[in-house]
Amino acid sequence: MTILTGKTVLLTGASGGLGVYIARALAREKATVICISRSKVELDIICDEITALGGKGISIPFDIKNVAKLSVLKQYIHRFVDHIDIIINNAGIEICRLLSDYSLEEIQSILETNLLSPIELTRLFLPSMLERRSGHIVNIASLSGKKGVAYNSIYSASKSGLIMWTDAMRQELAGTGVKISVICPGYVSEVGLVAKSGLPAPYFAGSSKPFYVAKAVLRAIKQNQAEIIVSTGFIIEYFVKLLFVIGQLYPPFIDVVYRWIGIPKFTRMRLEKKRNVDVSMINSVIGKHG
Ligand SMILES: NC(=O)c1ccc[n+]([C@@H]2O[C@H](COP(=O)([O-])OP(=O)(O)OC[C@H]3O[C@@H](n4cnc5c(N)ncnc54)[C@H](OP(=O)(O)O)[C@@H]3O)[C@@H](O)[C@H]2O)c1
């Protein structure tokens, strides 16, 4: 079992949503947490909280979409710490749209944030982990990567890529002392990119509290779990896994189950709500300046 006390953890997306819960859980284990995101003020707040909880927080504002500049981030991180023990690739974005409505920039930004950046960050820190024969990478994916979600196809593609990349890397890293895990949360309540929409998740899909995602991250590290599906309980977790097994055999059958649960309808509602908010914001700007 891995002990987190005194370990140095690089956590992306630490300034909001699930990242804050993960940061607090690491702080209670007395870890040093290097917190990355674009919002300096929020990062400083969570770093103070980490330190108050018994860990050590180091705030580094950085846009991880700048994949080519992640090597500069690495050099900067080494001003504060000698090495990284654990990377938690948590930062992620989602833009719900019909495929034809995406711009190329939007597609690129989802893939860069959710997939390319975790791969490149790991590539940069991996040699030192391999040298020390110790380290753990935790990727926060999503159930949307286990079964595609209509109107969120690029997000699904990014998360499914993250799951498969983790799967390949686990085999590549076997016997090296470096471990890798993937966490697949379903809908999360209270905070995060789904809760922000203000729409309740479909009843039969359910939603987990953010605390359970943080708990899953600790479990993945301490018990070296390959993949954890975060849902509302053990029975539901096994039911979800069974659904995905059936989905491997008969994908269209699970399309019907998803329609019955209301998942495509929910994503469409989120898309339309966001579009209405955007239109009313544009109208208010035109009203002010027009
Ligand atoms: N919430 C859910 O229901 C749910 C379900 C399944 C999976 N997930 C996954 O869980 C992870 C966390 O999501 P969340 O719900 O906590 O989302 P969130 O509330 O929107 O928070 C996302 C975090 O990522 C950071 N971030 C986004 N783009 C970034 C960039 N280019 N560079 C650096 N940091 C960036 C944000 O900080 P700044 O904006 O300050 O940069 C923020 O700290 C994501 O990978 C998401 O896909 C969430």
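Numbering-wise, our numbering puts 259 at position 247 of the sequence shown, and it's gapless, one number per residue.
Just so it is clear, CB atoms sit at the ideal spot from N, CA and C, and this is done for glycine as well.
Since residue i and residue j should fall inside the 8 Å C-beta cutoff, what is the C-beta to C-beta distance between them, to a whole number of angstroms?
i	j	result
V79	T20	That pair is no contact at about 22 Å.
V206	V200	6 Å
E54	S83	Not really, about 25 Å apart at Cβ, beyond 8 Å.
L174	G157	6 Å
T14	I233	5 Å
P264	Y163	Wrong, their Cβ atoms sit about 18 Å apart, outside the cutoff.
R182	A238	6 Å
A35	I62	6 Å
Between the alpha carbons of residue i and residue j, how many angstroms are there, rounded?
i	j	result
G210	S243	20 Å
V289	L283	10 Å
S219	G274	14 Å
G29	S49	12 Å
I72	W272	44 Å
V161	S115	19 Å
S112	M281	18 Å
V150	V268	32 Å
Y224	F246	12 Å
L65	R109	40 Å
E25	N101	In the sequence as presented, Glu is not what sits at residue 25; that position holds Gly. Roughly 8 Å separates the two Cα atoms.
I266	G189	38 Å
I241	L254	12 Å
Y250	G187	29 Å
T17	S296	51 Å
G67	D60	10 Å
Y270	I248	15 Å
L142	K221	35 Å
T279	R287	12 Å
T44	F256	37 Å
N236	S140	20 Å
S292	K77	28 Å
A180	A226	24 Å
Pick from the options: whose alpha carbon is nearest that of residue i?
i	options	result
I107	L185, G66 and S165	S165
K208	T125, K285 and L133	K285
I192	S83, G198, L230 and G204	L230
F137	I258, G66, Y88 and P73	Y88
A169	F251, E239 and G104	G104
K159	E61, N101, T24 and Y262	Y262
F74	G198, I248, S51 and Q260	S51
Y167	A228, E124 and I76	E124
I70	L23, Q183 and G204	L23
K171	I76, Y224, G198 and Y250	G198
L133	E61, L85 and A64	L85
F252	S140, C196 and G66	The question names Phe, but residue 252 in the sequence shown is Val. The residue with the shortest Cα to Cα distance from V252 is C196.
V32	V203, G189 and N236	V203
R91	G259, D60, Q260 and I46	I46
W177	L142, R135, M141 and P139	R135
L155	S292, T44 and G259	G259
Worksheet item: Residue ranges of each beta strand (DSSP E) run of no fewer than 3 residues wholly in the segment 86-117, ordered along the chain?
Response: The segment 86-117 contains these whole beta strand (DSSP E) runs: 98-101.
Discussion item. Using a Cβ distance threshold of 8 Å, determine whether the segment 37-45 contacts the segment 107-123, with at least three qualifying pairs required.
Written reply: In the pairwise beta carbon analysis, the segment 37-45 is classified as not touching the segment 107-123: fewer than three pairs are separated by under 8 Å.
Discussion item. For the structure I just gave you, are there three or more beta carbon pairs, one from the segment 88-104 and one from the segment 141-148, closer than 8 Å?
Written reply: A contact exists between the segment 88-104 and the segment 141-148.
Worksheet item: Do the segment 210-221 and the segment 128-137 touch if we need at least three Cβ pairs shorter than 8 Å?
Response: These segments do not touch.
Practice prompt. Kindly provide the ranges of any alpha helix (DSSP H) runs that are 4 or more residues long and lie completely inside the segment 181-237, ordered along the chain.
Written response: Counting only runs of 4+ residues, the alpha helix (DSSP H) found wholly inside the segment 181-237 occupies 222-234, in chain order.
Worksheet item: What are the uninterrupted segments assigned as alpha helix (DSSP H) that are 4 or more residues long and contained completely in the segment 16-82, given in chain order?
Response: Taken in chain order, the whole alpha helix (DSSP H) runs of length 4 or more contained in the segment 16-82 are 29-40 and 52-64.
Worksheet entry | Contiguous alpha helix (DSSP H) assignments of at least 4 residues, all confined to the segment 118-159 | Counting only runs of 4 or more, we get 129-144.
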